[in-house]
Amino acid sequence: MRLPSRGSPVSCSTVLTIRRDPFPFEPARDLLGIVRVIYADAHARGADPARLRGIREVGAELRTAIDLAKRHPPGTLGFSSAWVRVERATTQVGDLVDALTPAAPLIRTAIARAKKRSPPR
267 MRLPSRGSPV SCSTVLTIRR DPFPFEPARD LLGIVRVIYA DAHARGADPA RLRGIREVGA
327 ELRTAIDLAK RHPPGTLGFS SAWVRVERAT TQVGDLVDAL TPAAPLIRTA IARAKKRSPP
387 R
């Protein structure tokens, strides 16, 4: 699951279609949050370095897509590249889990992370 490094071109063989439709910022940020929880859970369970690296790469691809879409207006190569990246990363997020992956550990990890960041009451 190798992705282009941050800031690298999408692909030499990819023909970019210029996109003008609104970028899905909120769903992309939601997916980034899910990827962060998947990473935290995998790390806590002692996942091998290759798996952790793959998860980080998907997160980096989402982050790059969001950043590109913020910096470039619709109808530009940068904005269109953001769309290609978010669509590719969306598919890859689905590859990080399968039907047998239980949601409960991921939810517990997310709750624990939220509690660490929330101020005491």
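To convert a position in the sequence shown, counted from 1, into my numbering, add 266.
Using N, Cα and C, we set each Cβ at its ideal position, and we do this for glycine too.
Among the options, whose alpha-carbon lies nearest the alpha-carbon of residue i?
i: T357; options: V303, A294, A306, R285; result: A294
i: A370; options: L298, R286, V303, E292; result: V303
i: T330; options: S347, V359, A308; result: S347
i: A380; options: I300, T283, V281; result: I300
i: R286; options: L297, Y305, A378, F345; result: F345
How is residue i classed by DSSP in three states: helix, strand or coil?
i: T283; result: coil
i: T367; result: coil
i: T357; result: helix
i: A380; result: helix
i: R374; result: helix
i: D314; result: coil
i: T330; result: helix
i: H338; result: coil
i: P288; result: coil
With a CB to CB cut of under 6 Å and the five nearest residues on each side skipped, what residues in its chain are close to residue i?
i: S271; result: Because the pLDDT of S271 is 49, which lies under 50, any placement of that residue in the model is unreliable, and the number read from its coordinates should be weighed accordingly. Contacts found: none.
If you drop the 5 nearest sequence neighbours on each side, which residues of the same chain put their C-beta closer than 7 Å to that of residue i?
i: R317; result: A308
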